[in-house]
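The opening residue of the sequence shown carries number 185 in our numbering; numbering runs sequentially from there. Idealized CB from N, CA, C, for every residue including glycine. This one's a predicted model, so the numbers in the text were calculated from it and none came from an experiment. Have a look at the structure below, then the notes.
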Amino acid sequence: MDKDYLIFDFQSILTQQKEKHAGEERFDKLMESVDENSVIEDMPFYKDYLSQFDVEQAFDGLNLSAEEETVLSRDDLYLLLRLVSASLSSKYKIIYDKPSNTVDLSITVESGGQSVTRNLADLGSSQLKRLFEIYVNELFEFSICEFDAEEQERFEAEQEDRLMLFEKEVRQLREQLRKKRLFFDMDNVLVDFQSGLDRIDEETKKEYRAKGPDDKDRLDEIPGLFSKMDPIPGAIEAVHKLAEVYDVFILSTAPWKNPSAWSDKVLWVTKYLDDVFHKRMIITHRKDLVEGDYLIDDRGKNGTSEFKGEWIHFGSERFPDWDAVLEYLLGNK
Ligand SMILES: [Mg+2]
Numbered sequence: 185m186d187k188d189y190l191i192f193d194f195q196s197i198l199t200q201q202k203e204k205h206a207g208e209e210r211f212d213k214l215m216e217s218v219d220e221n222s223v224i225e226d227m228p229f230y231k232d233y234l235s236q237f238d239v240e241q242a243f244d245g246l247n248l249s250a251e252e253e254t255v256l257s258r259d260d261l262y263l264l265l266r267l268v269s270a271s272l273s274s275k276y277k278i279i280y281d282k283p284s285n286t287v288d289l290s291i292t293v294e295s296g297g298q299s300v301t302r303n304l305a306d307l308g309s310s311q312l313k314r315l316f317e318i319y320v321n322e323l324f325e326f327s328i329c330e331f332d333a334e335e336q337e338r339f340e341a342e343q344e345d346r347l348m349l350f351e352k353e354v355r356q357l358r359e360q361l362r363k364k365r366l367f368f369d370m371d372n373v374l375v376d377f378q379s380g381l382d383r384i385d386e387e388t389k390k391e392y393r394a395k396g397p398d399d400k401d402r403l404d405e406i407p408g409l410f411s412k413m414d415p416i417p418g419a420i421e422a423v424h425k426l427a428e429v430y431d432v433f434i435l436s437t438a439p440w441k442n443p444s445a446w447s448d449k450v451l452w453v454t455k456y457l458d459d460v461f462h463k464r465m466i467i468t469h470r471k472d473l474v475e476g477d478y479l480i481d482d483r484g485k486n487g488t489s490e491f492k493g494e495w496i497h498f499g500s501e502r503f504p505d506w507d508a509v510l511e512y513l514l515g516n517k
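As structure tokens, then:
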């Protein structure tokens, strides 16, 4: 595993350690497998403990501000993030800046009874070198420390806590990165229902009209109806704009007694919005069972009014059209 370290110098830390601990039994034992070609990744404390702090995955896809501001290579930075996260002697906080998609770390070190907090991106190269020394020396000291059984147990519990804290911080960070989930109803939100009906001949429509005062129109059961509908004005453009910011899905209901409506809806989406909604479509009579942040729907039926996120009531006084929805949902971000 060849790493490209610009600042971090393991051999110079090793030299310091040798000067300090040479002749000590536990240190000499630790050094048995170490030579001038050894890298930190060979050390037992790296393999057993540090490697569990998966910073590569945690910060995947993010800009690291220290990389821009300082002379650290990405490998330097990843190692430093690993060391800071794993250290039992300092505290840290992950700072995420959404507009620039950038992560920095604020580190608090206790020194001489004083507590000093600095952001990684604000540190110069000599300060960064010093941080590496502090953290790697800490790991050496723990490696050669003679713990009794009780102390050893406490030490391992502390390390376990650090790892759990790191995983919690990373979960919170990834949660901030998650796009909010937005669902779109189809009929009279994306799709102009009436435009489909207008294309059906009178003879067919008559067949599906109410037959008497106790009967109801069943026009939505006309086979093929749902493939003949036009998009609602502004809907296609709005979906494209919202898809840049939200994690978007169709959440629609199809009439139970009109099986062709189920497939017609897929055909409609494929025709008009396949670039956005390809395999992102849920057809259900229970929209309340689906988890998300927003649902744009013109009616409260089929679980919409019980939806656990926010129901954006399309066609209402507050959201009469797509302009109003866009202003709300894009202004919100
Ligand atoms: Mg609808």
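Check	Outcome
Nearest to E325 (by Cα), restricted to the options A341, R365, I197	I197
Other residues of its chain near K517: CB distance less than 6 Å, five sequence neighbours each side excluded	Only weak support exists for where K517 lies, its pLDDT of 49 falling under 50; the coordinates are left without a value.
heavy atom of ligand 1 below 7 Å from V373 C-beta	yes
Neighbourhood of Y392 by C-beta, 7 Å cutoff - its chain only, sequence neighbours within 5 removed	D401, R402, L403, E405, I406
Check: D459 C-beta below 7 Å from any heavy atom of ligand 1	no
R483: CB within 7 Å of a non-hydrogen atom of ligand 1	yes
Residue burial classification, Q201 (beta-carbon count within 10 angstroms, cutoff 16)	buried
Straight-line gap, V453 to P443 (C-alpha atoms, nearest Å)	16 Å
Buried or exposed (CB count within 10 angstroms, at least 16 for buried), M227	buried
Close beta carbons around R210, own chain, < 6 Å, minus the five adjacent residues each side	I328
Any non-hydrogen atom of ligand 1 within 7 Å of D288 CB	no
Buried/exposed call for V300, threshold 16 Cβ in 10 Å	exposed
4 or more residues per run - each alpha helix (DSSP H) lying fully within the segment 300-350	309-328
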